[in-house]
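Presented below is the structure to which this report refers.
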Amino acid sequence: MDTEVDLRERADAAYRRVVLDPARYAAEAEVTVTRARAAGDVEALVVALKAVAWARHVALDNEGARELLDQGVRLARRHGLPRRLGELLLTRAVALHELGRYDAAARDLRLAEPLIEPAERPEVRFQLAVLEHNRGRLGAAAGAYRELLDDPDCPPFVWVKAANNLANVQTLLGRPQEALGHLERAAVLAADLGPRLPAVIADSLAWSSYHAGRLTESVRRFEEAGRLHAAAGLPLGEHHLEYADVLRDLRLLDEAMAAARSAAADFVRHDARLMAAEARLRCARLALELGDPGTALAEATAAGHDFRAQRRTAWAARATVTAAEALAHRDGPSAEALRSLRTAAATLERLGLRAEAAYARLVAGRAALALGRHAVAERELTAVGVLADGHSLLVRLRGHLARALLAEAQASGPGGTSAVLRECVRGLRDLARHRAALPSLELRVLASGHGAELGEIGLRTLVPAGSATSILEWLERTRAAALLRVHPAATGIDEDVIALRGVEQELRAARLERGEEPPALLARQSALEARIRRRSWTAEDTGGEAASPVRGADLRRALDGAWLAEYAVIGERTLAVVVEPRRTRIVELGPIGPIRHESEAAAFGLRRLLQGTRFSAVARAAAQEALDALARLLVEPLGVPADVPLVVVPSAQLLDVPWSPLHPAPVSVTPSGGLWARARRRAATGSRVAVVAGPDLAGAIDEVGAVAAEHRAARTLLPPVSTVDATLELVRDADLAHLACHGLFRSDSPLFSALELSDGRLTLYELLARGVSPRRVVLASCNSGVQRAYGGNEVLGFAGAMMSNGSAGIAAAGLPIPDGACMPAMAVLHRSLVRGDSLATAVWHARDALAAGGPEEYVAWCGLTAYGPG
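Per the numbering used here, residue 1 is the first one in the sequence shown, and the count goes up by one each step.
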């Protein structure tokens, strides 16, 4: 039987173990409580209760922890155990603090300090510093943490926690490099202090790396921190919350919102009121960026109420800014909101939170401009520039934006226009450096959204008085810039990519056999896609070519007699910059509304034709009427001669327009003039021709035969041997590749758009990762020409991504094309290529072969498009 001494030693040991590794030793602490109760040993019982309470605190069950500690406090007082009472009060203060009961926590700490052993008093000092920290008194908290770090008697466990929290303060105050120094020293000590502290330090290293502007390093660190949290059995709420900040700045907004909502649910479930309010504010800011001001306002208002009740001044000011911004988005700016914003900004600046203050003053400056309060706007926007200087890149972008907005408002004065453009150019150059350092095409495309407003301001400034050449060069600076960098191929084959292919095959079989998609397989597919994407976000940067935006003269030489029309939409106004052989000019095209209406009408008519309606003649006439209207609105005003090839650079609002039918000569579409000019420079790599048929398309077999017959020594793959690996090997170094198979465009994640092959899907992600980019590619697949628009005039889909990766030309369809509808046209297309025609000319001849056909051929005639010079 255990003696009282044995039980007390066991209880003390249980507490020490729980502090170091709560998930592993929580059950041992519960057993010790049971034994102490059975033995009637009060001292062992209160220590064991403290151990169980600590395990519940770590698991975010602070209310459950408090209840256990209340029991222990009553027992210690009743039985005259002053040292144990002090220990219990100290632990209860931590739980009360997490529950937002600051005064009660401070009272427990003051009562505990004289009762506990001198060796434990640094923990009291640490907890008092944390109270100051969470109340927003960062200077006082930092001073207290430094005193602990300088104290030679400070226990390692407390020293590591103090270093972690000091790093948090330094990061909030805009000194993340100092923070990283403290965290790296803390990480060394934490390695010997159980699994919990290393996980906490890993999260802090990730968070401070993010604030230091090292975004992809931060993502790698967060992924590692998540694994450490899981291995230690720790709740993931705080980890998800901090990760959401990084995902937000990478403009992975849906992923950031999922992480923030997961954290919020975790904190609410465990009644962790401090962190729950912070999570709600993160959700509010993300809702605002996702275009949902109503949700943003509700979340920010609720969070602000909690922060004020908790007397957390800095957090309450942040909530005020978000609520005011959401209200302005919903109802327009108001004088009352402007006052609130200025007060909140002053509070944040007084507390040393420069990045948050810069954001608040930017919002206030915008509101003042909208209200015509120009003197106030000047003060607020000038302050943004001062606060942002010397900060991380994304904060500095706010400074450039603020100065550009201010210069635009003052543009009537001397030098106003040049001042606007100077700030826009500086900001976009900073953004270009940031974008070039990102390791994946997806992240680079998303990053351009940070500069969308700078691009719009610059264009607004140039159009009234700028030359056509300067407007063209500005459009090229801000259009598909992420695609101008070729990313080197990855080494090796990703096992998750292979696993994903297997899951997709199982899903395909289930659809064919049972007409369903089992939820377990869909969940597995989603998990694999998430892992693949995350790995691409954290890849080591291996360099790659980054091209500068093309200049007008260089573009004209590359066009070699063709005309180029680069379209732009400013507000509701549409214009085109037209590059001819001897001049560049601006053509005003009127409002975007009628263009959008006719584009939607054309799409509706073409969809009706594909449904086999008995009113197909009416649907065809309606579609043709809409196409004729689009030609009158978009192409005829340009004055392009009927026999001159046209290169089209559509704006994001015009991506869905079927361009091929709008001009009688060959048409080529490209995400940017610079990408088209770069593709023009890719020389032929020989005469290798690869032709592949996918499964479940009877017409594909005939099509492959017809295409191969046009080329000497064409190499072919037919089902069942047209597997992903065999196809990639065949087309890798081909000068011309033709793929006749089912196509799938994924608007939610374009890099997982895919071509269906005999053993599964060949995704765009895998094509790029394995460095496969034939010089010319014919994608005889449904929707293979569809592109998704992103902020900052970026696009992503098969055509743009493959041109980015080095392909010179792609023939693809922006519509669903029925099996067999294109087969005769494909033979014509390849016959034209054999004669030495460009891909655009070959597509033009192929479309001519479809012009007199039935409804399906008419849809193919509309949808078949050439991308790039080919």
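No residue lacks a Cβ here, since even glycine has one placed at the ideal position from N, Cα and C. Small disclaimer: the values here were computed from a predicted structure and weren't measured.
- Closest in C-alpha terms to residue 185, from the list 169, 205, 175 and 725, comes 205.
- Look at residue 851 here: in three-state DSSP terms it is coil, with no helix or strand label.
- In this chain, the beta strand (DSSP E) harbouring residue 794 covers 794-797.
- Apart from the 5 residues on each side of it in sequence, residue 156 sits with its Cβ closer than 6 Å to the Cβ of 189 in its chain, given in chain order.
- The Cβ neighbour count for residue 307, taken over all protein chains shown within 10 Å, is at least 16; the residue is labelled buried.
- Residue 669 places its beta carbon less than 9 Å from that of residue 867.
- Here DSSP, grouped into helix, strand and coil, assigns residue 756 to strand.
- Assignment of residue 584 by DSSP, reduced to helix, strand and coil, places it in the strand class.
- For residue 611, the number of other beta carbons within 10 angstroms of its own is below 16, and it is reported as exposed.
- In this structure, residue 674 places its C-beta atom within 9 Å of the C-beta atom of residue 555.
- The beta-carbon separation of residue 234 and residue 199, rounded to 6 Å, stays under the 8 Å limit for a contact.
- In the three-state DSSP reduction, residue 563 falls in the strand class (E or B).
- Straight across, the Cα-Cα distance linking residue 694 with residue 754 is about 12 Å.
- In this structure, DSSP gives residue 219 a helical state, which the three-state scheme calls helix.
- Taking all protein chains in view, the Cβ of residue 760 is crowded by 16 or more other Cβ atoms within 10 Å, so the residue is classified as buried.
- Burial check for residue 681: the Cβ neighbour count within 10 Å stays below 16, so the residue is exposed.
- 9 Å or more divides the Cβ of residue 381 from the Cβ of residue 411.
- Here residue 34 is not bridged, per DSSP, to any residue.
- Per the C-alpha coordinates, the member of 468, 708 and 177 positioned closest to residue 551 is 468.
- For residue 339, the number of other beta carbons within 10 angstroms of its own is below 16, and it is reported as exposed.
- Between residue 667 and residue 654, the CB-CB gap reaches or exceeds 9 Å.
- Take residue 586, set aside five residues on each side of it, and the residues of its chain with a beta-carbon closer than 7 Å to its own are 468, 471, 575 and 577, in chain order.
- Between the segment 723-741 and the segment 688-708, the count of Cβ pairs shorter than 8 Å is three or higher; the stretches touch.
- Residue 826 is not a Cβ neighbour of residue 777, given a cutoff of 9 Å.
- Distance check between residue 181 and each of 164, 172 and 191 places 164 closest, using alpha-carbon atoms only.
- By the neighbour-count criterion, in which 16 or more other beta carbons inside 10 Å mark a residue as buried, residue 94 falls on the buried side.
- Among the bridge pairs identified by DSSP, residue 699 is matched with none.
- Taking the Cα positions, residue 211 is about 7 Å away from residue 171.
- Bridge pairing for residue 737: 690 and 777 [DSSP].
- Within the same chain, Cβ atoms closer than 7 Å to the Cβ of residue 800 are found at 480, 483, 671 and 787, the five residues on either side in sequence being excluded.
- For residue 418, the secondary structure class from DSSP, reduced to helix, strand or coil, is helix.
- Note: residue 810 is bridge-paired with 777 and 867 in the DSSP secondary-structure output.
- DSSP places residue 348 in the helix class (H, G or I) of the three-state scheme.
- In the DSSP assignment, the residues bridged to residue 647 are 564 and 668.
- Residue burial is scored here from C-beta neighbours: residue 310 has at least 16 other C-beta atoms within 10 angstroms and is therefore classed as buried.
- Residue pairing from DSSP places residue 576 in a beta bridge opposite 567 and 587.
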